[in-house]
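Heads up: the sequence shown begins at 1 in this note's numbering, then just goes up one per residue.
Glycine residues also receive a C-beta, built at the ideal position from the N, C-alpha and C atoms.
Before any comments, here is the structure.
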Amino acid sequence: MYNKEYAKYSKYVGKITRDLRSAYYKTGTNEEKQEIPLEPSQLNAKQGLGNFPAFYLQGQHCEKSDCGCCTNCFYSQFHYDKPSAEEIQTQCDYVIDNFERLVLSQQYGTNEFDGERKYPNSKPIFMTLSPTGSFFSDKEFPKEVRLDFLKKLEQKSDELKRDIVLHIEAHAIDVVKHQDYIKTSEETEILKRLNAKCILGFESADEWSRNVLYNKHLPLECFENAVEILKESGIEPGAFVFSGLVTLTDMESKEDMLNSVRFLKERGAFPVLMFANSQSWTLPDLLRWKEKHWLQEPATVLDTVYGALEILTDKGKSKPGYYLIPEPVEGPPYPIGNIFYDRTDIPDFSEESSKKMHQILKDFRATRDISNFVRSWKEYKKDNPEYEKYQDRIHKKEIEKEGKDIRFAKALKYGVEHMDEYVAYCTEKDREESLEEDRYKIKE
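Shown next, in the form of structure tokens:
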């Protein structure tokens, strides 16, 4: 990060984020998590990145978490001390040993794949498996365990005579750091045969959004290098892009995501469109609790998806290429507040309208039918008077807004002033609600 002003803000954001996480780890809920679980955290096909299950290894939490990254994210709630390779191995074996129930039965809706097929007469099997931080972090996912898992996954593909499309998640810095290994290793050869798609943490092409509001600590050059390394290695690169960062207006959030989608398209990386909910023990949630930050509106999500599809398809003139839109109401961990429901903070807004918008998005995720999504969304906007009121609200906010640095400086100051009060509130709430919910275990 070269901008000194941005670096100053990032320092304060990191401190607030670290203080909140430290406060969480001191709460009683963490006492329940001393033993490493035998199973990874699990999302079913309707909860994850796409129409397929996702598994996140529970053990060493994301390394970037200790640095105060990233502002909105709190995967680090899955916190255990120094897991052994054997414990991570057990979680990987659990997925392999229960593959039919956990993976095969969780193939849902439409999944797209246009790569080379070893088994062209059968449908590919889609899935995600990663640590909560970075696939290529030896600390989070020991190299020998990764290789063993990938070999067993390839054996499963051959047994079933079905191609597997494996999604993994990684930090760009780990790809750059281990580039010689990634370009030449046996592990990469297996990843290629498993049609691996590596999704990098990116969040935004805008320096302010990425390295201040999200506090990513990611130079653009590092990300671009990681994308090229993956492409050279035969692994398809993708990137998370984030909408709804703290203190951005709805229109700013939409513009930010669409600019990022254009950037990724130009560099040959597919986008994963993420829409911010509210996670406990984060600065955005603190500010939202005090009514100093609001989640973006449901209509903004649909308008942003529409805009992204226009970019990806050249306004309908071409196929969009690969892209993903994770379910925006789910976790992990399960959000304390979400975009679509219980939105008492939005005037002139009905639960019925929110349900309709969420259903349009769910139908699109399931079918990936762009023309039907476009038609449904246009019909909603035409027939629903609440959409006009929505436009009036977001345009009014644009007229009344202060400069982005002033807004964020005020948010930081307010966060510091009310941190103790927020920590007491969250601690009491966590005593009443278990953070280990069965929603993150795929059922029979």
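Per the DSSP calculation, residue i is bridged to which residue(s)?
i: glycine 238; result: Ile199 and Phe270
i: glycine 337; result: Ser278
i: alanine 54; result: Leu43 and Thr128
i: serine 371; result: None; serine 371 has no bridge partner.
i: serine 243; result: Phe275
Using the three-state DSSP reduction, which class does residue i fall into: helix, strand or coil?
i: valine 13; result: helix
i: glutamate 436; result: Reliability fails at glutamate 436, whose pLDDT of 49 lies under 50, so the model's placement of it is uncertain and no value is given.
i: glycine 415; result: helix
i: glutamine 296; result: coil
i: serine 41; result: strand
i: methionine 1; result: With a pLDDT of 45 at methionine 1, under the threshold of 50, the modelled position of that residue is not reliable, and no figure is offered here.
i: serine 185; result: coil
i: leucine 324; result: strand
i: arginine 343; result: coil
i: histidine 395; result: helix
i: glutamate 428; result: helix
i: glycine 316; result: coil
i: leucine 49; result: coil
i: phenylalanine 349; result: coil
i: glutamate 421; result: helix
i: asparagine 259; result: helix
i: lysine 355; result: helix
i: asparagine 215; result: coil
i: asparagine 384; result: coil
i: alanine 226; result: helix
i: glutamate 232; result: helix
i: lysine 401; result: coil
i: valine 305; result: helix
i: lysine 362; result: helix
i: lysine 410; result: helix
i: aspartate 19; result: helix
i: serine 204; result: coil
i: isoleucine 190; result: helix
Confirm, please, whether the CB-CB distance from residue j to residue i is below 9 Å.
i: threonine 128; j: alanine 54; result: yes
i: phenylalanine 113; j: phenylalanine 126; result: yes
i: histidine 167; j: lysine 197; result: yes
i: proline 298; j: isoleucine 339; result: yes
i: alanine 45; j: glycine 109; result: yes
i: leucine 230; j: phenylalanine 141; result: no
i: serine 353; j: glutamate 330; result: no
i: threonine 304; j: methionine 257; result: yes
i: leucine 452; j: serine 243; result: Here the chain covers residues 1 to 444 and nothing more, so residue 452 does not appear.
i: lysine 118; j: glutamine 107; result: no
i: aspartate 174; j: serine 209; result: no
i: lysine 143; j: isoleucine 96; result: no
Please report how far the alpha carbon of residue i lies from the alpha carbon of residue j, in whole angstroms.
i: leucine 412; j: leucine 309; result: 34 Å
i: serine 204; j: glutamate 266; result: 14 Å
i: leucine 286; j: glutamine 296; result: 16 Å
i: asparagine 51; j: isoleucine 346; result: 30 Å
i: asparagine 225; j: glycine 14; result: 25 Å
i: aspartate 369; j: alanine 269; result: 21 Å
i: isoleucine 199; j: aspartate 93; result: 23 Å
i: isoleucine 399; j: asparagine 195; result: 47 Å
i: histidine 446; j: asparagine 211; result: As displayed, the chain neither begins before 1 nor continues past 444, which places residue 446 out of reach and without an answer.
i: asparagine 72; j: aspartate 19; result: 14 Å
i: isoleucine 16; j: histidine 418; result: 11 Å
i: tyrosine 9; j: alanine 409; result: 8 Å
i: glutamate 428; j: aspartate 383; result: 44 Å
i: isoleucine 394; j: tyrosine 25; result: 38 Å
i: glutamate 187; j: phenylalanine 240; result: 24 Å
i: asparagine 215; j: serine 130; result: 22 Å
i: leucine 435; j: tyrosine 334; result: With a pLDDT of only 49 at leucine 435, under the threshold of 50, the placement of this residue in the model should not be trusted, and no figure is reported.
i: tyrosine 12; j: glutamate 221; result: 24 Å
i: alanine 424; j: serine 65; result: 22 Å
i: arginine 262; j: leucine 43; result: 29 Å
i: lysine 397; j: valine 246; result: 15 Å
i: arginine 407; j: glutamate 35; result: 42 Å
i: glutamate 228; j: asparagine 277; result: 31 Å
i: serine 371; j: histidine 358; result: 17 Å
i: phenylalanine 275; j: tyrosine 323; result: 14 Å
i: glutamine 91; j: lysine 378; result: 45 Å
i: phenylalanine 373; j: lysine 362; result: 10 Å
i: arginine 343; j: isoleucine 190; result: 46 Å
Using 9 Å as the limit for Cβ to Cβ distance, is residue i near chain B?
i: asparagine 72; result: Chain labels in this structure do not include chain B; a single protein chain is all it has.
Can residue i be considered in contact with the ligand ATP, in the sense that its beta carbon sits closer than 8 Å to one or more heavy atoms?
i: glutamate 421; result: The model on display carries no ligand, and the ligand ATP is accordingly not part of it.
Please list the segments of the beta strand (DSSP E) lying wholly inside the stretch 134–177, counting only runs of 3 or more residues, in order along the chain. 164–170
Uninterrupted alpha helix (DSSP H) stretches inside the stretch 60–128 (no shorter than 4 residues): 85–97 and 99–102
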